[in-house]
Structures are given as structure tokens and as C-alpha cells.
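**Q** Protein sequence lines correspond, in order, to chains A and B. UniProt numbering numbers the first residue of the first sequence as 1 and each following residue consecutively. UniProt numbering numbers the first residue of the second sequence as 1 and each following residue consecutively. The structure is given below, and queries will be raised subsequently.
There are 2 protein chains.
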Amino acid sequence: MDIQELRSSNPDHWMRATAIRALALDAVAAANSGHTGMPIGMADVATVLYGNHLKYDAQNPEWHDRDRFILSAGHGSMLLYALLYLSGDPEVTLDQVKNFRQWGAKTAGHPENFLLKGVETTTGPLGQGIANSVGFAMAEEMLRARFGKKLVDHYTYVIAGDGCLMEGVSQEAIGLAGRYGLGKLIVFWDNNDITIDGKVSLSDRTDQVKRFKASGWHVQEIDGHDPVAIDAAIIAAKKSKSPSMIACKTHIALGHAAQDTSKGHGALTNADQNTAAKDNWGWKTGPFEVPADIKSWWEATGSRGAADRAEWEARLNEVSAQRQAEFARVMNGEAPKKLSATIKALKKQISENAPKVATRKASEMALEVINPIMPETIGGSADLTGSNNTLTGDMGVFDTDNRKGRYIYWGIREHGMASAMNGMSLHGGVRPYGGTFMAFTDYARPPMRLAALMKTPTIFVMTHDSIGLGEDGPTHQPVEHLAISRATPNTLVFRPADAVETAEAWEIALRQTGTPSVLSLTRQNLPTVRLEHKNSNLVEKGAYVLAEAEGKRQAIIIATGSEVEIALAARDALQAEGIGTRVVSMPCMELFAQQDEAYRKRILPAGPVRVGVEAAVRQGWDRWLLGERGREAKADFVGMDRFGASAPAETLYEKFGITADNVAAKVRALLG
Amino acid sequence: MDIQELRSSNPDHWMRATAIRALALDAVAAANSGHTGMPIGMADVATVLYGNHLKYDAQNPEWHDRDRFILSAGHGSMLLYALLYLSGDPEVTLDQVKNFRQWGAKTAGHPENFLLKGVETTTGPLGQGIANSVGFAMAEEMLRARFGKKLVDHYTYVIAGDGCLMEGVSQEAIGLAGRYGLGKLIVFWDNNDITIDGKVSLSDRTDQVKRFKASGWHVQEIDGHDPVAIDAAIIAAKKSKSPSMIACKTHIALGHAAQDTSKGHGALTNADQNTAAKDNWGWKTGPFEVPADIKSWWEATGSRGAADRAEWEARLNEVSAQRQAEFARVMNGEAPKKLSATIKALKKQISENAPKVATRKASEMALEVINPIMPETIGGSADLTGSNNTLTGDMGVFDTDNRKGRYIYWGIREHGMASAMNGMSLHGGVRPYGGTFMAFTDYARPPMRLAALMKTPTIFVMTHDSIGLGEDGPTHQPVEHLAISRATPNTLVFRPADAVETAEAWEIALRQTGTPSVLSLTRQNLPTVRLEHKNSNLVEKGAYVLAEAEGKRQAIIIATGSEVEIALAARDALQAEGIGTRVVSMPCMELFAQQDEAYRKRILPAGPVRVGVEAAVRQGWDRWLLGERGREAKADFVGMDRFGASAPAETLYEKFGITADNVAAKVRALLG
């Protein structure tokens, strides 16, 4: 690449873009870690995007109608920090840039949405950003349909690297964006031919242009260092009714000794080479110094959107107060006031009628009263709608000709669904929930973890939550997935025992603003165990006494979900023998752990023997069985210590010993 | 679709294929669950494949040089069971077919490789089969290169549905097969336009032909009910030097009332409709009855390969006894005899030199002595070769022009890599291991679970196993992934403390024949803690006393991996105060759990207080801290209860309190 020609052909642009390059070079060198080459390679694209197109107001990074910019290639985080610093984001000071990757800095190794308002989504695990972006773009379409383009009308831009495109989830994202005609989604592919192990061709020879076209995308190929070509491509992409991919041929670590090599992917810390690169670029100021004229241009760019924002605010003020309030409510993720009364009414009705239904069906019953009063809910399933019970009659189906539709047929794409739901949550204004089988939590693990890390209140509706699914066999029967979800910080895992607990769990999940929820629901029917209506939400405490011991309390049986019924039957048997037995329903271990010690001790007093029952592995249970600091109780567990098998559900419960008889026997054995 | 025309144009073929249809219809109806439509739709393809092409010997389903047939669309399991029954697989009797999906039957809901020899791989979680097949085809290429085509020369056939192709992992598989020119891989796409939720177009409009072509595949489009076209396409595919995809336009539930509908995907149990379908097909015999002439044809098909097998055995007998023994050894997955001595020599050298190295580096040191004596090992990494330390000098790189290469650049495809490694393990003759960052266990979860379920001894080399990876931050720092791996049945999770334990862990992992291993390895350097050489493999016991208490034993500190160093330092501080403290290194909880109670009690006697240390969540530890039945010890834990952060590793350990000071303080507090 002839740097001199690049410098001379568009000198102003060159120096603006090189401000990004120099900051990335300096920050990575100072941190002695990070990724220098990508920000250098994509500086031109980013400069044209921010300079000429991106609708944003650097001083107000959370303005609702901003264009979204997602750095899917998150390792190139200094590209984003440089953009935010240069254009005047108040959080990204020069000190922050200098403290890149250090303790307490907001400029973390990878962009973290919970550290900086200017970061739309946490990226780094490759492919997630491009899959998030599908959700961002869907949310925009939905809100535009609901509130009108005067309030919602923006683009979603993505920079994705070769790594993002090799990850399978990218195919799910590409397929979804193509299918749903997300024309306001524009992806720049940083086509630099380099991965960590070497040339891209070492491991992939896919023709990405053909691949995107196969899914109905609008595709352009440009020189990613030519600002005129970049600008023209963005203009064309914005006009396209299909999602757009702009293949940007770039040179990683452009102008540096490491250019076009996999060394250029990582941290460039050789001082002499870095000095030579700056010379090559024509960059004369010292480390972290940006010439005033260049900084001024960037700040002007950063405030370009202030007028747009003011106009938008004026338009917002023109709509009715009620509409303004509703817009604010959904953008802030607040549940409607009547949610509480709605759930109470449903609970009362359930306790009275005592239906025997699967909790997946109970979930549908809850959604049937929730969806009409929460127009922000967006349902969906990864091709298991009838099994996950996620669709209610009033939703309508989201499609190219029905942007008001609130139900999404995600196809067989659990990973893409979960990532896109995270994108929706992050965009704001919608409240996504989506279903698959609990065992396929495995496919959705990367975004389920990221939901927790990013503090997005995405709701995962995981049905068929144990061997209770029966004949489909061990590939479809979760045994470790409750433990997996519970092991993840900042995640609420609900395993409701009946339709009342399911309604309560939904209410709690919908009130979260910073925590994702996993609803673990049965395939098989369960009796109503909450026969006495209570206004208060008992699931909120995580665990509570469902049936008290009669006589001296000798044993406590703790159970969740479908095994609460078994615990109650075991209690009946034990009480008949005079063994006073309490049954504790524990629908949410995380919420129980958050209660004060007095409450926890009231529910699980030291002394009585304890038996836990859950059709899953024991891992995660010992804290409640053995006592939080040890020496509290003699205890045992009835559950699964192996994979399941293919047979009718009742047979499996019997064969694997998850029965009232077995629970009662364990209690007796512990009592010696 | 005009069934009469199909019946009359190829009447013999029609009835042979319809035997599959009728068996699937009957078995699903009897089980009252399962998937009828897919076996009906793909019966023609399967009949031509088995009848004219597939090299197999039904009586000897494990013959090493058979063609492999993988039903990626595993829900259509009755297709496979019908094929095995009809062609005379001795395990698949008519009783087995009649007991489809029942307790104890080998004919499980989805095909399970551990129940039936004739099932190559467990499928059901969509996309796994097609990704496994990449490993099968790679293993064939590698073994052909090593042992010659006289011993190894076969095809890998796959039936994949729309669900398989929508799952992201299929793109990883398609990319890999295209890149590595796996010409003996032939995929039939069951192009029936139907998913569970409705038409495929509901959620996807990808042009699959263009998509496969974009990755360099040979693609044909045929009528999947035309036996002449199917035959011609297979002949052409076999000649292709590129992997082949045959798009088979089919009708799900062909000839049934549910044809071409999503109802046809599931269990067709309406007796009248089923009778009508059989009439339509011209099938006159009763349930589960196959006319003798048709059964004879199928049995002849099933024994067609017997001659091939005999010739192959003759060729095998022609090679040297040594070569025969080596072939048998690798196909049986036996480690070489000298492995033990090799590991001992390495351990001795490490204990003498006491290097301070990361366990990822220690893993490389182990591989440097293992790979030369185990020509069956196949290494690789998902684009982190230099970080995972998985490549040793002698391996060579697998490529289109170097099939003897033993190292695979998997690209940024953790899911595809792990699935393909499972395929290799299942094929036999090779011993795959592959690396990524421990946090990206998330991407590989579906095949990591399947490895455990399928009893394949795949080795997952997971480096950068804690906050110790430092600046890359929380997206890259596992905290829950040890718990996740440990929650999975039949999985050995090793977290070695130094280079000696790493070598021991490798030896154990390589000796497994039915259990996958996860090696959890550090980025950061660790001192050698095993300074005294022992011939015996201490990791084999799962946990052992690394440093005994001096004086009265008041405390036991249990630690793994990088935290063993911290435990030893805490012990020093406590001993200095006269607090007798034992340090237990626990590199593998699963192996420790397998020891007899006497051993476990010797290592963890009741009485002394216990503190666990691991830079991860506590989940999974309580059994060892609190005692297996409760009331054993007062205990505490030092680890992580949140996600990590971006900063240098030492800072993070300090800030998160994973320090010797904190461990010692916890011990003191427990001792009160």
C-alpha cells in the first residue's frame, strides 16, 4: 500500500483518520497489551461513517434516536474509544484513553456497555456483535412502526471482522437479517485477510460476497482506505431496502512494519517500529497528542447531531403527554403499573381453579394476560412455538410487511435468537422473550452469559426442563443446565412448581432492568400446589414454606418445579408415620440467596435433616442442603447423576428413582 | 405429488423404499411419539444410497473401512432403524423396532451411538451430525494418508435437514469442508420446505445452493423421489474432488394426509390417515410386516459389503504384523505402551528443573514428548495456536496437499472444531485435541456435552482459565466454566497446578476410551510445586496431600491450578503462627469422587476447618468443603462471585481478594 498516495490524495481525511491510528498505537503500547492493527486498518471507514453519516450526539450518547454503532470485532476496542474521545464523549477523557485496560478504567480490554454509555453492546466474543445488531435493527423497525418515524428512525451500523464471519452465529444473523429485510442494518466487513494464526485462507476460503447475497443481502465491495468510495457505499447502503454488507478491503496495521501480518493483529509495542509508523503516516505530535485542528474537526463531528437531537426533542414534545410517557416508560424498561394487579388476578383465578397444567402452558396463561397490557413484549421461539407456548393471540407476527407484529419466528437458531434478543434489550423500548428446549441452553450459552454480563433483562423461556420430556431421550433432556445457568453470575433461574409460581416468576422477570431470567418449565402436567391465594409474590423470596411440618419438625424437603409435587407426596407418607416434615419450594435460588440471614434461617433452620429433590444434577444444591458454613444439617439429595434416557416420562422418574418413596426413604435413612 | 406415477415408474424401488415408510409409520404410531414425515420423505434417497452405493456389511457394523452414514437430522431416527433392521443388523431386531422410544430399547428417540453399533454418532441436537461428518471425513483422509488406500478408503454420507442448515454450526462445517477439500464427504439436504413452526420461508430464505457454492462445494439439485436422479447424483458426487451437497427436493410425509405440512414433521398417529397413506403407497401388509421379497432384497443389500470386507481383511493380512498391530491399536484407541515411561521421564525432568511456566506452556512441553510417540494425535486450535500452545514441531499441517499433516487450523470456529473432533474420535484411528480460551467453552458447549454423552474421549485444551488472563477482561475471563464442565456427567475436568500435574493430566486424558477431558490451563506462569519426583501419577486420584500440616492439623486448604501456589503461601503464614495446615491439591474432582471412601477420608478427614481456593465460582465445591453428607467441617471459600474485569492479572487477584492473606484470614476466622 502506498501510504504517501493515501496521505496526499485526501490529506484532511487522512489526518483525521490517523488521529485514531495514533491513539490506538499509543494506548496499546502503554498498556503493553491489546489490538493495534484493526483500529489502524478500519480508521478510514470509521472516520467517514462518523464524519458524514452517523447520527449521534457525543455529549448525549444515550439519545434514543441515535444511530447505533456496534463494534462486533470488539478486540479493536481502541477504535471505539478513540472515536468517543475524539468526538467529545464526556466519559472518555484523555486519561481514560491513557489508562486503557487498567483497573478501574472505563476503557476496558473489550468494549463493555456497562462501563461506558457510548458503548452500545459488549463485544469481544466473536460474532456476538453482528448477531446483536439483528436485534437492534428489529427493535428499531418495531418502534418505528409503533411510535412513528418522527420519534424512531435510525440506522444500525456494524464493523465485523473475519472472525465474526467465521463464527457460526454470523450465519444465523445473516439469515435472519435477510429474511426479515432489515434494510437499515449496514455491516462493514473488515476484509483484511488476517487472523491470529495467519492468513484467513489458512482456515477459510468462503466467498463472503456470495454468501451474503445467498441470504438476500445488498453487497458492495470497496477499497476500505478510500474515503470517497466509503462514502458512496454508505449512501447506497442507506438506500437499500435489504440489509447491506460493505466488503472493505483493508490493510491491517496499515503503514506499520507489521502491516498485513498476523503480528499486526495483536499488540504493537516495538517503540522504533511505532515511531517509524507515525513517520510514515505523517503524524508528528507526541504520544496521545492530537493537533488542535484535528480535534476540533472531530468535536464538530461529535456535536453535529446536537441539532438533530434538538429537533427530535421538539417532535417528541409535540406528541401527547400520554404518548410521551409511554415512550419514556418503554425506553426506560419500566413495567406498567397494572402488571401487579393483572398477575394477582391471574393467581387468584389459578388458585381457585387449580388446573393441572404443564408450567410451559402456565407460562402461556401468564403471557395471555401480560402481552395485552405490555405492548413492548416481543415473543418468539427457535422453531418450537407450539412446544414453548410462547405465542399469544394478540401479538401478530413480525414480518417485512408487518413491523407491528410482536412475535418472531426465529427459525432453528437458538444462538442467533438469544444474541438478537440481547440486542433488542440493549436498544430499549422492547422487552424480548424467546423459547427453546432447556437442553438447547447449550446453543445459546454465549449470549446467555453476555446478557448477564451486560445487565440486559432478556428472558429465556426454556421448556422441557428435565427427563420429564420423555421419549426424545438424553440429547433433549437437560440434567446439568440448571446448574449451568445458576453458576452464571447475575442470572435469575426460575423453576416454578405450578401455574401460580409461574405467574409470579414472570412478574419478577418482567420487572428486572439489569438481570436476565431463565424460566425453566416442564413439558409434563403438574398439579396446582398453591391452592390458597396470596396477594404477595412468594417467588420473590426465592424459597418459602409450602407445607409446614405437623408435630415436631424432623425433616425439611426442599424441591423445585416438577419435583415439588413429589416432595409433597413424600411429606404425606412421612407425616403418616409421625415424622414432622416441612416442604420448602425453592423456585429461585438466587433470590433466596439475596434474602437476609434471618429469613434464610427461618426457612431452613438448623437441625432437621434435609433432602433436596430436583430432576437434575446435585451441583449447586449443597449450600442449601449442608448449610452455608457447614455443620448445619445431615442431608441427602434425590436427582440425576447421569444423562437421561429415551422412554415415557413416568417410566424415567420411576427408573431413576425420583419418586416420593425414594425421598421418604432418604429422610428415614438420615433420621437413622 | 402423484404417488401413482412414482409407484408405477419404478415399482421395485418404490416398494423397497416404502418398507422404510411403513416401518416408520408403524413405529411412531405405536410409540405415540416421534417423527414420521422425514423417514417417509427421505426413504427414496436412503434406499438408493444403501442399495447401490453404501459400502457396509450389516452383520459387521463396526468394520473399519465401511462408508459412514450420518443422520444429522436425528429426529428422523426411524429412517435409520428401518435401514438397519431391513438390511439385517443383528442388534436391530423387529422387537427393537416395535419398542421404539421405550425404556431399555436400543431404538431410542434419537439415534444413540452408545446403544447401537450401527449408529455412527448421536444426533438430534441439530447441526451436530453435519459438523461431526467433517471430522469423520478428515479422519478418513488422515488414515488413508498414513495407512494407504488399501486399508482406508471410504466415503462419509450425511442426511441433513433444514434445521441442520439453519444452525450456525453448519456454516462452520461447510467452511471447513470446503477449505480442506473433503471430496469424500457427501451431504444430502432434505429440502422439504418444512420446519416445526411452518414453511421454511417463515424464518429463512437463504439460497442454500449458492451458500454451499460460496464455500467451494460441488452442488447438485435433484428430485429426491426419483431413484434414477438420486443414483446419478451420488455417482457424480463420488467423483467430485470437492465436498458435495445434493439438494434433494422432497415431500415430507409423502402420500400421507399430512404431506407438505408441519404436522407431517411430527408423530402421525391418526389410524385412519395412516391406513389411507398405506393404501396410497400400495402397501398391503399389516403393521411391522415387510413382504418377504422386499426383506430379502434388503438383506442382500445388507450383505453386499461382506465380500468387500473379506477382501479388505485379506489386504489387511498382507501388511506386516507390526503395521497390523499399529492399525488395530489406533483403531481401538489404545495409548502406546511407552506413554507411561515418556511421561515419567518428563515429570522427573520437570521436578529437577522446577520451571516457572504457565500450564498452557507445560501442556506444550507434554505434547512435545507425546506427539512423537503417538502418531495418532491430531492437534488444533480455533485460531489461537500461539496462545493455546497446541502445535508441536513434528506434526505438520493438515491441508489439501498434506493429508499426513496432524495439525488443523480450525479458524474461528470453536463449535465446529469441537463437533468435528467428536467425529474424528468416533471414526477412530485418530486422537484429536483442540484448543480455545476456557471462556469460549460456551461456544463449544453442544459438542462438549455430546462428547460426554457419546463416550468419545475428545480432549478440550482450554487455556486462559481464569481472571489470570488479565487485560482482555470479563468476556474472556471464565468464572463459571469450571462449574459448567464439572456439572456435565462423564467429563473429566483437569486443572493442574504445575507442569508435573499437567503431564499427569495429559497421560490420563490420553488413556480414556469413553470419557472426554477438559484441560483447564493458565495463561500466567506458575511455579513447580511437585518438586519431588514420583513415578506414580498423583492426578489419577483426583486429589492428594501436597503439603502436610506440621503439628496438630487444624486446617485443610484445598486448591486447584493457579491457586495451589496461593494455598501453599497461606499455609506458610499459618504454620508460622503454629496453625497446622494441610494443603490438598485437587486437580480433578471427578477422579477424586471415584476413589473409595477410605481414600477420600484420608485426604479430607473430618475435623479440621476447610478453605477452598479457586479463581472461579464456588458452585461444585461444597461437597468437598462441607462434607459429602453434611456435618463434617466448618468451611469457607475464596474465589469469584461475580464476573471479572479488565486489568493486569496480579491486580485482579489482589482486587478480588484471591490472595494468600485472604485465605489465611478465612482459616483464622473459622478457627475463631
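All residues carry an ideal CB built from backbone N, CA and C; glycine is no exception. What you are looking at is a predicted structure, and each value in this text was computed from that prediction instead of being measured.
Flag this pair as touching only if the region 140-160 of chain A and the region 204-220 of chain A have three or more C-beta atom pairs under 8 Å; answer yes or no.
**A** Segments in contact, no.
**Q** For A/S419, name the three-state secondary structure that DSSP assigns.
**A** Helix at A/S419.
**Q** Do A/A509 and A/P457 have their beta-carbon atoms positioned less than 9 Å apart in this structure?
**A** Their beta carbons are under 9 Å apart, which means A/P457 touches A/A509 by this criterion.
**Q** Interface residues of chain A around B/K655 at Cβ under 7 Å?
**A** Correct list: W103.
**Q** Within 10 Å of its beta-carbon, does B/S520 have 16 or more other beta-carbons around it, so buried, or fewer, so exposed?
**A** Buried.
**Q** Taking CB distances under 9 Å as the criterion, tell me whether B/I484 reaches chain A.
**A** With 9 Å as the cut-off, B/I484 counts as an interface residue toward chain A.
**Q** I'd like to know if A/T206 contacts chain B, where contact means its C-beta is closer than 9 Å to some C-beta of that chain.
**A** Yes, its Cβ sits closer than 9 Å to a Cβ of chain B.
**Q** Below 8 Å, is the gap between the Cβ of B/N280 and the nearest heavy atom of the ligand GTP?
**A** You won't find the ligand GTP in this model; it holds no ligand whatsoever.
**Q** Report the CB separation of A/L339 from A/E507 in whole angstroms; it is logged as a contact under 8 Å.
**A** With a Cβ gap of about 6 Å, A/L339 and A/E507 count as contacting.
**Q** Of the choices B/R445, B/D204 and B/P648, whose alpha-carbon is the least far from that of A/N32?
**A** Closest option to A/N32, Cα to Cα, is B/P648.
**Q** Looking only at its own chain, which residues have a Cβ that is under 8 Å from the Cβ of B/A354, when we skip the five neighbours before and after it?
**A** So the list reads P527, T528 and L531, once near-sequence residues are dropped.
**Q** Is there a C-beta anywhere in chain B that falls below 9 Å from the one on residue 679 of chain A?
**A** Nothing can be reported for residue 679 of chain A, as the shown portion of chain A is limited to 1 through 672.
**Q** State the start and end residues of the unbroken alpha helix (DSSP H) segment that holds A/H110.
**A** No alpha helix (DSSP H) holds A/H110; DSSP gives it neither H nor E.
**Q** Under the three-state reduction of DSSP, which class applies to B/W189: helix, strand or coil?
**A** Strand at B/W189.
**Q** Straight-line CA distance for B/I378 to B/R179?
**A** The straight-line gap from Cα to Cα measures roughly 18 Å.
**Q** In whole angstroms, what separates the C-alpha of A/G657 from that of A/A615?
**A** Roughly 10 Å between the two C-alpha positions.
**Q** Go to A/M245, then tell me how far its beta strand (DSSP E) extends in each direction, as first and last residue.
**A** Unbroken beta strand (DSSP E) run through A/M245: S244 to K249.
**Q** Kindly identify the DSSP beta-bridge partner or partners of B/Y157.
**A** In DSSP, B/Y157 forms a bridge with B/F69 and B/I186.
**Q** Suppose you measure from the CA of B/R21 to the CA of B/P375; what does that come to, to the nearest Å?
**A** Near 45 Å, if we compare the C-alpha coordinates of B/P375 and B/R21.
**Q** Taking CB distances under 9 Å as the criterion, tell me whether B/D622 reaches chain A.
**A** Closer than 9 Å to some Cβ of chain A, the Cβ of B/D622 qualifies, so yes.
**Q** Are the region 91-107 of chain A and the region 331-345 of chain A touching by the rule of at least three beta carbon pairs closer than 8 Å?
**A** Taking 8 Å as the limit for Cβ pairs, the verdict is that the region 331-345 of chain A does not touch the region 91-107 of chain A.
**Q** Taking B/D95 as the query, report the chain A residues whose CB atoms sit under 9 Å from its CB, ordered along the chain.
**A** Within 9 Å Cβ-Cβ: nothing; B/D95 doesn't reach chain A, min ~16 Å.
**Q** Could you tell me the alpha carbon to alpha carbon distance between B/I40 and B/A24, rounded to whole angstroms?
**A** Taking the straight line joining both Cα atoms gives about 7 Å.
**Q** Which runs of the beta strand (DSSP E) spanning at least 3 residues fall entirely within the region 578-658 of chain B, listed in chain order?
**A** Fully enclosed beta strand (DSSP E) runs of 3 or longer: 580-585, 609-613 and 635-638.
**Q** What is the rounded straight-line gap between the Cα of A/T651 and the Cα of A/Q524?
**A** Between A/T651 and A/Q524, the C-alpha separation is close to 13 Å.
**Q** Along chain B, in chain order, which residues have C-beta atoms closer than 9 Å to that of A/H476?
**A** What A/H476 touches in chain B: G109, H110, G124 and P125.
**Q** Just reading off the beta strand (DSSP E) that A/D223 is part of, what are its end residues?
**A** A/D223 -> beta strand (DSSP E) spans H218 to D223.
**Q** Can you tell me where the alpha helix (DSSP H) with A/Q4 in it begins and where it stops?
**A** Unbroken alpha helix (DSSP H) run through A/Q4: I3 to S9.
**Q** Checking 9 Å against the spacing of the C-beta atoms, do B/H218 and B/G37 come in under that value?
**A** Contact flag unset, no.
**Q** Does any CB atom of chain B fall closer than 9 Å to the CB of A/I196?
**A** Chain B contact via Cβ: present.
**Q** Span of the alpha helix (DSSP H) holding B/I294?
**A** Note, B/I294: alpha helix (DSSP H), A292 to E318.
**Q** Any beta carbon of chain B sitting closer than 9 Å to that of A/S646?
**A** Chain B contact via Cβ: present.
**Q** What's the gap between the Cα of A/V493 and the Cα of A/T436?
**A** Computed Cα separation, rounded: 15 Å.
**Q** Does any CB atom of chain B fall closer than 9 Å to the CB of A/T385?
**A** Taking Cβ atoms only, chain B reaches closer than 9 Å to A/T385, which makes this a yes.
**Q** From the DSSP output, in three-state form, read off B/A547 for me.
**A** B/A547: strand per DSSP, three-state reduction.
**Q** Using DSSP with H/G/I as helix, E/B as strand and the rest coil, what is B/A576?
**A** Residue state, collapsed to three classes: helix.
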